[in-house]
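Heads up, the thing below is written out as C-alpha cells.
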C-alpha cells in the first residue's frame, strides 16, 4: 500500500485532491479552537481552512512530495525537525505535518502547547484510501490518539464498486457504524465531479459523498 501511495504522488496521479477544499467540512465543522488531527492529509487546503478558524492543526502524511508541496504552494515558511517521523512546522500558522507512516505516529509531546491527545479529528481522505483489511487497524490507532469526547468529522464516499474499485473505496454506512457507533450521517450529495479520472473512464455515473459527525457538534 505504501509504495502505491508514494508512486501516485511521484507521477502526479492524485485525482482525489480537492484544490478548493472540501464542502462538507465547510458546511459542518463546529466553531471553536481545537487540536485537530488530520490523518493522511496530502496537501489539502483544508489544513489552512481549519487553522484560519483558530485550530491547532496536525496532519500526518506518508509522501514527502505532498508535504513539501503543501508548504510551497501556500507560500508558507517552515522548519524541519528529525524524529521517528520528520516534522514540518509552519512558522506563522498553527500547522504541523508529520511525514511518515501514520501507524508509527504516536502523537505530539505533552510539553508542546498542542501536546497530548487530540480533541478533534478530520478525516476526508484516510479511511476511504485504505482497503478493508487495513481499516480496522486504522480506526483503532486513530482512537488511541483522540480524547474520548473528541469532535469527529468523517467524509466517506459511496458508489458501485462493480464498475470501478478504489481507492477511494466505497464504504457502507453499516461499516462506519461498526467503527464509530456515535457518528451520525448529517449530509450526502452527489460528488461525481470530484471522482478520480479512472472512475469516469470506467463509466461510473454516480458517486455520493457522505458527511459523518459526532452528535452535538453541529456547526451553527
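In this note's numbering, the protein residues as written are 2 to 221. Note that the Cβ used here is the ideal one computed from N, Cα and C, for glycine as well. The model shown is predicted, which means the values in this text are computed figures rather than measured ones.
DSSP state of residue i, grouped into three classes?
i: residue 109; result: coil
i: residue 145; result: helix
i: residue 115; result: Unreliable placement is indicated for residue 115, whose pLDDT of 47 sits below 50; no coordinate value is reported for it.
i: residue 221; result: Reliability of the predicted coordinates at residue 221 is poor, the pLDDT of 46 falling under 50, and the value obtained from them is presented with this limitation in mind. Here residue 221 sits in coil by DSSP.
i: residue 181; result: coil
i: residue 140; result: helix
i: residue 47; result: helix
i: residue 153; result: strand
i: residue 78; result: coil
i: residue 212; result: strand
i: residue 35; result: coil
Between the beta-carbon of residue i and the beta-carbon of residue j, is there less than 8 Å?
i: residue 58; j: residue 40; result: no
i: residue 106; j: residue 89; result: no
i: residue 35; j: residue 120; result: yes
i: residue 29; j: residue 211; result: no
i: residue 51; j: residue 101; result: no
i: residue 123; j: residue 154; result: yes
i: residue 142; j: residue 170; result: no
i: residue 53; j: residue 26; result: no
i: residue 160; j: residue 205; result: yes
Residues bridged to residue i by DSSP?
i: residue 191; result: 209
Would you call the region 59-79 in contact with the region 171-190, where contact means no fewer than 3 C-beta pairs closer than 8 Å? no
Is the number of C-beta pairs between the region 166-178 and the region 141-148 that are closer than 8 Å three or more? no
Sequence ranges, alpha helix (DSSP H) only - wholly within the region 53-101, length at least 4: 65-74
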